[in-house]
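Working notes, beginning with the structure itself.
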Amino acid sequence: MLQVAQLLLRGFLVAFVFLCPALLLPEISQDVAQGVTFLAILAAIVVMTEYSAAYPGLIEFRDAKPYNRARFLLLVVVVLSVTALQREIALYSGAAGIFTSLAIVLGNILSFSFSPVALLVASLPQGLSVEHLAIVKVSAALAYTLSLVGLGVFLIGLMLGYWPRRAEIFNVWVNLPNFDPTKGVDIVQRLERDAQINVVLGIIMPFSLPALLHLSTFLVQPVTLETPLALVWGVSLWAFIPVTLVMRGVAMYRVAQLIRAQRRRVAEAQDAVPLPPQSAYS
479 MLQVAQLLLR GFLVAFVFLC PALLLPEISQ DVAQGVTFLA ILAAIVVMTE
529 YSAAYPGLIE FRDAKPYNRA RFLLLVVVVL SVTALQREIA LYSGAAGIFT
579 SLAIVLGNIL SFSFSPVALL VASLPQGLSV EHLAIVKVSA ALAYTLSLVG
629 LGVFLIGLML GYWPRRAEIF NVWVNLPNFD PTKGVDIVQR LERDAQINVV
679 LGIIMPFSLP ALLHLSTFLV QPVTLETPLA LVWGVSLWAF IPVTLVMRGV
729 AMYRVAQLIR AQRRRVAEAQ DAVPLPPQSA YS
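FYI, the numbering for the sequence shown is 479 to 760, going by our numbering.
See below:
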């Protein structure tokens, strides 16, 4: 019964995150609301199916709490903050609320040359209004700052030993379903290599993604982020995905350290076992 309640709670929270921007933002059309509702129900079903399955599927670190809870909480904070900012801008255009004032300060700080925020604004197509570019700048600055703060809290938790705890058993197969520990080189070396790749990708993605968006305008319709809902999700995912890659890389490196420490303890225990006495006739 408790497991069923946990599954329903997970599904509800995921659906809530998908629905919340559409519910809070003004002037959302009925078609958009129906599409968002369908995506929310689909996401909730996927999450409940993944956590109820006996064998691992797509979601990593399924049984390594509170890693996924930390990532989900970070996504909630970023999405709701950017949504609150867009709501303040839409409803109180003449006054600056709490989120608007904070976002303006962060936008002025983070809009220096070749910063991720400045590169994102520069990647938008020409012809957009100055007001819209300013909204994108402050929204990106708010989302990026919150993501970095969440990453800092996660790293501090790892340094203090809150995750994963040494007394708990970490099942690599269940928590990393797409990682085959029997393939290729030693598992510790593969984990450390994949960790380095994820960290590097997470660091360079905020700088490279705007350039890729700018190049994609030659092939597809350019991304303008002019609608409030598109701006919320576009900016939130732009700030959230690189941070989650860094978190994944650091987590994989932490798991590699635990495996290395376990091997060391096993080797020391084997060395400490006294050899049986040899027979006089040997």
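We treat Cβ as the ideally placed atom computed from N, Cα and C, and that holds for glycine.
Grab me the residues of residue i's own chain with a C-beta within less than 7 Å of its C-beta, minus the 5 sequence neighbours each way, in chain order.
i, result
"Pro-594", "Tyr-622, Pro-684, Phe-685"
"Phe-496", "Val-514, Leu-517, Ala-518, Ala-521"
"Ser-760", "Note that Ser-760 scores 45 on pLDDT, short of 50, meaning its location in the model is unreliable; the coordinates nonetheless yield the value given after this. Excluding positions up to five away in sequence, the list is empty."
Among the residues of its own chain, which have a CB less than 6 Å from the CB of residue i, if the five just before and after it don't count?
i, result
"Ala-562", "Phe-577"
"Arg-738", "Val-666"
"Val-701", "Leu-691"
"Gly-712", "Leu-703"
In whole angstroms, what separates the C-alpha of residue i from that of residue j?
i, j, result
"Ala-758", "Ala-747", "Residue placement at Ala-758 is poorly supported in this model, since its pLDDT is 47, which falls under 50; the coordinates still yield a value, given next. Rounded to whole angstroms, Ala-758 to Ala-747 spans 28 Å at the Cα level."
"Phe-648", "Leu-626", "27 Å"
"Asn-656", "Ser-607", "44 Å"
"Val-724", "Leu-584", "22 Å"
"Val-524", "Asp-749", "48 Å"
"Ile-675", "Tyr-570", "44 Å"
"Phe-592", "Ala-532", "47 Å"
What residue range does the alpha helix (DSSP H) around residue i cover?
i, result
"Ser-607", "Note, Ser-607: premise wrong, no alpha helix (DSSP H); not H, not E."
"Met-725", "706-750"
"Ser-530", "508-530"
"Thr-578", "576-588"
"Gly-535", "Taken as a continuous stretch (DSSP letters only), Gly-535 belongs to no alpha helix (DSSP H), as it is neither H nor E."
"Pro-655", "Per DSSP, Pro-655 belongs to no alpha helix (DSSP H) and is neither H nor E."
"Gly-489", "480-502"
Just to check my reading of the structure: residue i and residue j have Cβ atoms closer than 8 Å, yes? What is that Cβ distance to the nearest angstrom?
i, j, result
"Ala-568", "Pro-504", "5 Å"
"Ser-617", "Ala-689", "No, Ser-617 and Ala-689 are not in contact; Cβ-Cβ is about 20 Å, not under 8 Å."
"Ala-430", "Val-728", "Not covered by the structure: residue 430. The range shown for the chain is 479 to 760."
"Pro-499", "Leu-629", "Pro-499 to Leu-629, Cβ: 22 Å. No contact."
How would you call residue i, buried or exposed, if buried means at least 16 neighbouring beta carbons within 10 angstroms?
i, result
"Thr-722", "buried"
"Leu-709", "buried"
"Trp-651", "exposed"
"Met-526", "buried"
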